[in-house]
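Numbering (the UniProt record's numbering), first residue to last: 1 to 183. This report concerns only the one structure given below.
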């Protein structure tokens, strides 16, 4: 258990105190049983909030996204704030080919407006913390997502290498056969 809270936020003047990651609010969101301490599960959630299933921690992630993206400081995310920050994260998460050409601003605005309207449950043309919950896993992908991406890449490269190695053997055997070499 973590018993020394001074490790995380000794005073308000410490370096990084104003960063959302190290705020007391983050600690409290990770402290599922609200006992002021973090057990091993809670500490893991503190270090890897995107891997957590804790509703308190997921809500904290949404709140941090609103704080970071809300340029007009109205407490919600309007379409421009969504389009120029969050939409790219969600779009890249959903795309299979991340190396495709970069579509124009105009070609992306229509799908962005469509997604924004789907998320805007109360129809106020603003996204609240609660409305961002539906896509928080795409904004903050888990370690499992990255591990799957890496595994898929390695498998695809292994298949390419294996096919290339088979082609070389076939060419080699073909050349031996063509020139009448025997074993």
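We put the beta carbon where it would ideally sit given N, CA and C, even for glycine. Quick caveat: nothing in here was measured; it's all calculated off a predicted structure.
Identified DSSP bridge partners for residue i
i	result
residue 77	127
Assigned exposure category for residue i - 16 Cβ within 10 Å defines buried
i	result
residue 148	exposed
residue 110	exposed
residue 30	buried
residue 65	buried
Which listed residue (the options) has its alpha carbon closest to that of residue i
i	options	result
residue 75	41, 27 and 131	131
residue 54	70, 83, 36 and 28	28
residue 68	82, 57 and 123	82
residue 62	142, 143 and 137	137
residue 134	120, 158, 142 and 145	120
residue 25	38, 60 and 143	60
8 Å CB neighbourhood of residue i in its chain, flanking five on each side removed
i	result
residue 197	No answer is possible for residue 197: the residues shown for the chain start at 1 and end at 183.
residue 70	76, 77 and 81
residue 155	none
Alpha-carbon to alpha-carbon, residue j and residue i
i	j	result
residue 84	residue 72	13 Å
residue 23	residue 127	24 Å
residue 129	residue 118	15 Å
residue 33	residue 47	17 Å
residue 146	residue 152	10 Å
residue 150	residue 158	12 Å
residue 35	residue 144	29 Å
Own chain partners of residue i with C-beta closer than 6 Å, once the 5 adjacent residues on each side are dropped
i	result
residue 52	45
residue 87	112
residue 107	none
Cβ shell of residue i (< 7 Å), same chain only, five flanking positions each side left out
i	result
residue 89	138 and 139
residue 57	29, 30, 45 and 49
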